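Note that the protein sequences, when read in sequence, are chains A and B. Everything in the first sequence is counted per the working numbering, starting at 406 for the first residue and increasing by one. Everything in the second sequence is counted per the working numbering, starting at 7 for the first residue and increasing by one. Yeah, the Cβ is synthetic: ideal placement off N, Cα and C, and Gly gets one too. All values derive from a computational prediction rather than experimental measurement.
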Amino acid sequence: MNAAMARLEFRRGRVLVGGLMLVVILYAGVIAAFYPTMRDNSSLIDQYLNLMPKGFMAAFGMTGSLSDPGIFFTTYIGSFLWPVAAAMAGIVLATRPVAADLDRGYLELTLATPTSRVRLLGWAIVGQLIALGVLVVVMIGAVLVGGWLVNAGFDAALFLRAIPVEVAFGAAIAGPATLLSVVTLSRGRSAGIVAGALIAMYLIRIVVGVEPSLDWLGRLSLFQYADVRGALTAGSFPIGDTLVLAGIGAITWVAALALFRRRDLAA
Amino acid sequence: MTDVIRTTGLTKRYGARRGVEEVDIAVAEGEVFGFLGPNGAGKTTTLRCLLGFLRPTEGRAEIFGFDCWTRAPQVHRHVSYLPSDPGYLGELTAAEQLTHLAALRGLPATTWRRLAERLELDPTVQIRRLSRGNRQKVGVVAAFMGEAPLLIMDEPTTGLDPLMQREFLSLVAEAKSAGRTVFLSSHNLPEVERSCDRVAIIRDGRVIEVSPVQDLVGSHWRSINLVLAAAAPVGTFDLPNVRIISGDARDVHLMVLGDINPILDRIAALDVHDIGISTPDIEDVFLRFYDPAGRSSPEEAAEQSIASAGPGR
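This is how it looks when you write it as structure tokens:
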């Protein structure tokens, strides 16, 4: 039974995850290939960037030189590619097992079997976590491989530290999306709420970057906790921030399981 | 005989919207039970309460003594379910989908093969490429595979061609002879007539009739249209259960209540050019028993129903 559910989750997620893998490989690989240009012309590029409003640069993670691998990765991957990919994967995969399957009439088929609701949703959550993990590993791998091909000199050990942070960031999107799909039983509503919240949190991050006195506001933004600059630059691992992100994912997933166990499916 | 299904005052409301009201049904072990009603009457809501998908607003539903809401997993061990419009995963082949459903029920992976062959279902085709009828076959195979003692099916023959409908009725008969209980929601009266022991009729969320199917069929008004070569002798159609609705000497429209054999004996003695016999559909049954327009007599309701459809239906 468990093997069957795992197989089906893999089968159902493979197109989305495969497509996103292709995107992150291409994007991360190509961006990584640009790094030597940034590194070798750092003074020129830094002069150019200094002409930009510092607040906006900070808002997008550019608080130092782009020749720094941590700043470079955060600017082009951590603050841009991964939030988009994680939001797509997280929202689509998280809203499928309950809301979308209820809407398409598939949920009734599986719920009418002796398999418990917790097990059905639990396997879907495992599938989400694996998908997010695979995407992050592939993304970091693409950066490293792209960098290796052009002799970028990335420190693989430092980059691997970003993996748990980025996976936790994806979990912090997928968990609430799963919970909302159980609460609303509507894929559109739950996806819309999560997407809207992510956009709001992204804007908060920009506002905080522009106006440092509003730093407290940044705590409301997931992006604040997904900052891997320290890990990539100094080798310090953001344990607290990672736990916050993972905690949001874990708590909302558990809440979704508990609620789904007794959820009246009157949409 | 023990009751496999029992609902007591089962009520489900969707906010202010009516679902079902105070549904009381008892289905005995080994019985084939029809649940009849037009679209929107509350059939599917009742089924969803039975399967523990919906929490009753009031009352309760039990299957094999287990409360359908609080003990749903136990209920599901005894039930095989065919929804009215199952949304299979289009990207899977029928074989993959059936194998997966078999696994969820703890059945061997190939448990569906014999049934698929019997229903002439090609399991290698992706479900999204199957016709409506073939998708329905997937559901029928899924419902009948395994040995669940209770089969709950919602509009099971929708989209099946007449041959497959007949095969479906054979499967129901075999399930019955194997001692399994079948709960069949339908608005297809002939299908219910042929397969069910008893029926419940639901309208506007309330069960308005529960009776053996023979009682329901026996009290049917049938419409007979005759085209005769010559006028029938006076008194030919004078039988207690026959009423002449219209007709001149050679073109006769009769209504027959219950047993049709006596009038057929009389007709057999005539020189008949053409004959048409039609049975009422479920709407006619409703009109006969519970005419919303307030016609008090069942005959009036049936006459109007038949007349509105015109001869030759």
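Contact belief for residue i with residue j at Cβ below 8 Å, rounded distance in angstroms
{"i": "Y3/B", "j": "I158/B", "result": "One cannot answer for residue 3/B here, as it falls past the ends of chain B, which runs 7 to 319."}
{"i": "T515/A", "j": "L195/B", "result": "About 32 Å; that fails the 8 Å criterion."}
{"i": "L276/B", "j": "L234/B", "result": "6 Å"}
{"i": "L608/A", "j": "L627/A", "result": "Incorrect: roughly 12 Å between the Cβ atoms, too far for contact."}
{"i": "I476/A", "j": "S484/A", "result": "Rounded, the Cβ-Cβ distance is 10 Å, inconsistent with contact."}
{"i": "T17/B", "j": "T63/B", "result": "5 Å"}
Per-residue burial, residue i [other beta carbons within 10 Å of its own, 16 or more giving buried]
{"i": "S314/B", "result": "In this prediction, S314/B scores a pLDDT of 47, lower than 50, which makes its location untrustworthy; no coordinate-derived value is stated."}
{"i": "T320/B", "result": "Here chain B has residues from 7 to 319 only, and residue 320/B is not among them."}
{"i": "G21/B", "result": "exposed"}
{"i": "Y432/A", "result": "buried"}
{"i": "R209/B", "result": "buried"}
{"i": "R228/B", "result": "buried"}
{"i": "P298/B", "result": "For P298/B, the predicted model reports a pLDDT of 49, less than 50, meaning its position is unreliable; a value from the coordinates is still stated below. So P298/B ends up on the exposed side."}
{"i": "K459/A", "result": "exposed"}
{"i": "G418/A", "result": "buried"}
{"i": "G112/B", "result": "exposed"}
{"i": "Q142/B", "result": "buried"}
Neighbour flag for residue i against chain A, beta carbons, 7 Å
{"i": "G6/B", "result": "Absent from the model: residue 6/B. The displayed extent of chain B is 7 to 319, so no value can be given."}
{"i": "F41/B", "result": "no"}
{"i": "A67/B", "result": "no"}
{"i": "L110/B", "result": "yes"}
{"i": "Y20/B", "result": "yes"}
{"i": "R61/B", "result": "yes"}
{"i": "R119/B", "result": "no"}
{"i": "L57/B", "result": "yes"}
{"i": "H106/B", "result": "yes"}
Span separating the alpha-carbon of residue i from that of residue j
{"i": "T164/B", "j": "G139/B", "result": "8 Å"}
{"i": "E102/B", "j": "A411/A", "result": "14 Å"}
{"i": "E126/B", "j": "T99/B", "result": "15 Å"}
{"i": "R66/B", "j": "A577/A", "result": "39 Å"}
{"i": "V548/A", "j": "D473/A", "result": "14 Å"}
{"i": "Q629/A", "j": "S447/A", "result": "26 Å"}
{"i": "W658/A", "j": "Q533/A", "result": "11 Å"}
{"i": "E123/B", "j": "M151/B", "result": "12 Å"}
{"i": "A492/A", "j": "L136/B", "result": "33 Å"}
{"i": "D560/A", "j": "S641/A", "result": "14 Å"}
{"i": "G316/B", "j": "V219/B", "result": "The pLDDT assigned to G316/B is 42, lower than 50, so where the model puts this residue is not dependable; a value taken from the coordinates is nonetheless given after this. Roughly 27 Å between the two C-alpha positions."}
{"i": "R19/B", "j": "I604/A", "result": "37 Å"}
{"i": "L498/A", "j": "A579/A", "result": "8 Å"}
{"i": "G322/B", "j": "I207/B", "result": "Nothing about residue 322/B can be reported from this structure: the residues present for chain B run from 7 to 319 only."}
{"i": "T51/B", "j": "V29/B", "result": "11 Å"}
{"i": "I266/B", "j": "D128/B", "result": "42 Å"}
{"i": "V420/A", "j": "I496/A", "result": "15 Å"}
{"i": "A562/A", "j": "A438/A", "result": "19 Å"}
{"i": "P441/A", "j": "F478/A", "result": "13 Å"}
Neighbour flag for residue i against chain B, beta carbons, 7 Å
{"i": "D669/A", "result": "yes"}
{"i": "S591/A", "result": "no"}
{"i": "S586/A", "result": "no"}
{"i": "S521/A", "result": "yes"}
{"i": "T500/A", "result": "no"}
{"i": "G409/A", "result": "Contrary to the premise, residue 409/A reads as Ala rather than Gly in this sequence. Yes, its Cβ sits closer than 7 Å to a Cβ of chain B."}
{"i": "L728/A", "result": "Residue 728/A is absent from the model: chain A starts at 406 and stops at 672."}
{"i": "L486/A", "result": "no"}
{"i": "L413/A", "result": "yes"}
Checklist entry - Looking at chain B, which residues of the region 547 to 577 of chain A have a Cβ within less than 8 Å of any of its Cβ atoms? => result none
Checklist entry - If you measure beta-carbon to beta-carbon, which residues of the region 415 to 440 of chain A are closer than 9 Å to chain B? => result R416, R417, V420
Item to check | Short-range partners of chain B found in the region 505 to 529 of chain A, where Cβ spacing is below 7 Å | outcome: R509, G510, Y511, E513, L514, T515, L516, A517, T518, P519, T520, S521
Next on the checklist: Short of 7 Å Cβ to Cβ, which residues in the region 74 to 93 of chain B face chain A?
Outcome noted: P79, H82, R83, V85, Y87, P89, D91, P92, G93
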